[in-house]
Amino acid sequence: MTKISDTQAIVLSAAAQREDRIALPLPDSLRGGAAAKVVGAMIAKGFLQEVDADMRKGEPVWRETGDGHGVTLVATDAGLAAIGIEPEDAKAAPAG
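Position one of the sequence shown corresponds to residue 28 (the numbering used here), numbered consecutively onward.
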């Protein structure tokens, strides 16, 4: 298993509990520059991915793109693996 911080584990664990894997909202203790630093590191490691937020569904927005759209954060398969969770689609794959 990849070495991750306690904060990264909390973010990924919360996302893993959601069907859509959205990693927002971040923990209350993680705000401002600290949030940007942690999220940036997690994106760089491939644990989180920025995706277009579906505003009609009310998905939380991590940042605005400047053109009236926003992006949200989603845990990747690598992010789930980092906390010891096998992605659902891998579980459903046939064994032979």
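Backbone N, C-alpha and C fix where the C-beta goes; we use that ideal spot for every residue, glycine too. Remember, predicted model here, so these are calculated numbers, not experimental data.
ask   = Just how far apart, CA to CA, sit Pro54 and Ala102?
value = Taking the straight line joining both Cα atoms gives about 15 Å.
request  = Please name the residue, chosen from Ala80, Met69, Gln76 and Leu100, that lies closest to Thr29 on a Cα-to-Cα basis.
outcome  = When only C-alpha atoms are compared, the closest one is Met69.
query = Where does the unbroken alpha helix (DSSP H) through Gln35 begin, and where does it stop?
reply = For Gln35, the enclosing alpha helix (DSSP H) begins and ends at Asp33 to Ala43.
inquiry  = Output needed for Ala20: all residues of its chain with C-beta closer than 8 Å, excluding positions within five of it in sequence on either side, in chain order.
reply    = The question about residue 20 has no answer, for the chain in this structure spans 28 to 123.
ask   = Thinking just about the alpha-carbon of each residue, which of Ile49, Glu113, Ala42 and Ala105 is nearest to the one in Val88?
value = Distances from the alpha-carbon of Val88 to those of Ile49, Glu113, Ala42 and Ala105 put Ile49 closest.
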